[in-house]
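Numbering (my numbering), first residue to last: 1341 to 1427. Idealized CB from N, CA, C, for every residue including glycine. None of these values were measured; they are calculated from a predicted model.
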């Protein structure tokens, strides 16, 4: 899945649970106005293998700023587990 978005929407982390206080958009919603994106792993059904994905929900969390400084709303990408989307 690809999401076209402005460069100012920096990624903070990907989590299995939503972060407290964050508002999420769907991948087809107004994700530039949200604090992150809620997405479901659907794989790539258009491929020969017909990969259906795992069906789990994940949360892409944007970096949030307050008074020009990054807010500490939880773990950063460096501090969170890596997700392996390959079978």
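- In the three-state reduction of the DSSP assignment, residue 1365 falls in the strand class.
- For the set 1406, 1375, 1405, 1395, the Cα lying nearest the Cα of residue 1360 is the one of 1375.
- In the three-state scheme derived from DSSP, where H, G and I count as helix and E and B as strand, residue 1409 is classed as strand.
- With respect to the 8 Å criterion, residue 1343 and residue 1382 are not classified as neighbours on the basis of their beta carbons.
- Take the alpha-carbon of residue 1362 and the one of residue 1395: they are about 22 Å apart.
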